[in-house]
Amino acid sequence: MAFYQYFNGEIFPVDSPLFKTNDLGLLRGYGLFDYFRTYNGIPFRWNDYWQRFENSARLLKLPLPVSQEETAKILADLHAMCGEQEVAFRFVLTGGYAPDSVNVVQPNFLIRTEALPQDNPAGRLKGIKVLPYEYVRDLPEIKTTNYMHMVLMADEMKRTQASDLLFYQNGEVSELTRSNVFIFRENKLITSDRNILNGITRRVVMELAAPYFEVETRTVSYEEVLSADEVFTTSTTKWVMPIVQIGDAAVGNGLAGKQTLFLQKLFEDMVADWGK
């Protein structure tokens with residue numbers, strides 16, 4: 001398979017070097033990204049992902065060099081060139097080249113096509129372990145390129161066989177490093193509404209859950225999460241992933257919860273039919 005990437009109006013093989021060394025994304029960490037995928041060859045919730053990307057660019061005061069319509073055409077071309085039915089798209093928008101290493105002149109816009117990440121069917125069935133980590137992301141509404149804390153903790157996660165970090169601060173849970181978090185208390189589904197990235201999978205799961213459960217978006221305390229009946233996380237790559245252990249503490253009975261697995265099945269059925 002051959003993947004390609006779009007960069008500032010041109011298309012290159014995905015392994016081509018593109019950025020100069022005075023890009024603000026490299027010098028100052030001033031950049032954002034987004035990530036989504038196809039199902040049955042059709043981009044999933046394209047309008048939602050574009051709106052989030054557009055909002056992130058607006059909050060970072062980075063003008064978008066192309067429109068949504070123009071970007072959709074680029075995606076179609078990249079998708080056709082790779083010859084694969086299912087692909088992931090990664091958008092990266094940086095502050096661009098800055099002669100003074102500070103001020104934005106013209107952003108750089110990259111779109112990469114990538115192979116889909118390896119699924120984790122065992123995790124979806126058995127659940128995952130996460131480590132509590134006292135931290136709240138700066139500018140959480142923006143999907144910035146700064147994942148420093150996740151990288152710093154990678155060795156510790158590997159050592160403790162944890163899959164991710166659970167962010168909390170002042171007794172309040174926000175999210176995981178790359179995904180949103182939900183809890184079940186009896187028949188009520190609850191998710192954090194502060195200091196989070198507004199995940200598209202999060203939105204979809206709330207839509208799917210609404211006919212079956214009472215859905216609450218509000219502040220969620222760390223103690224609530226530890227005492228919840230069920231906990232799970234959602235993202236483009238995790239889908240609906242049960243969390244069965246937080247640090248040394250088991251969630252509920254330590255097994256993937258029935259209500260979580262019910263929502264997982266609803267999500268799987270929906271994406272199986274996406275675009276048909």
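If you're matching positions, the sequence shown starts at 1 in the UniProt record's numbering and goes up one per residue. Ideal Cβ positions, reconstructed from N, Cα and C, are used throughout, including at glycine. It should be emphasised that the depicted structure is a prediction, and the values quoted were computed from it without experimental measurement.
Query	Result
Would the beta-carbon of V87 fall within 9 Å of that of L110?	no
May I have the straight-line CA-CA distance separating T113 from Y49, to the nearest angstrom?	16 Å
Nearest by alpha-carbon distance to N187: which of M148, E207, F36 and A228 is it?	A228
Examine the Cβ distances between the segment 69-83 and the segment 96-106 and report whether three or more of them are shorter than 8 Å.	no
In the DSSP assignment, find the unbroken alpha helix (DSSP H) run with M241 in it and report its ends.	Looking at the DSSP string, M241 is not in any alpha helix (DSSP H); the run it does join, the beta strand (DSSP E), is W239 to I246.
What does the alpha-carbon distance come out to for the pair V240 and D100?	45 Å
Give the DSSP bridge partners of D164, in chain order.	V130
What three-state label does DSSP hand Y147 in the structure shown?	coil
With distances taken between CB atoms, is the gap from N120 to K238 smaller than 9 Å?	yes
Pick out whichever of L263, L24 and F33 has its Cα sitting closest to the Cα of residue 277.	Past the boundaries of the shown model lies residue 277; the chain is included only from 1 to 276, so the question cannot be answered.
Which residues mark the beginning and the end of the alpha helix (DSSP H) in which E54 is found?	W46 to L59
Where does T21 sit, in a helix, a strand or coil, going by DSSP?	coil
At which residues does the alpha helix (DSSP H) containing residue 298 begin and terminate?	The structure shown has nothing for residue 298, since the chain only spans 1 to 276.
Counting beta carbon pairs with one atom in the segment 155-175 and one in the segment 191-206, are three or more of them shorter than 8 Å?	yes
Name the residue from P242, Q169 and G123 whose alpha carbon lies nearest to the alpha carbon of V136.	Q169
Taking A115 as the reference, which of G41, R28, D273 and W46 has the closest Cα?	G41
When DSSP builds the beta bridges, which residues end up paired with L110?	F7 and V92
Between D23, E84 and I142, which lies nearest to P107 when the distance is taken from Cα to Cα?	D23
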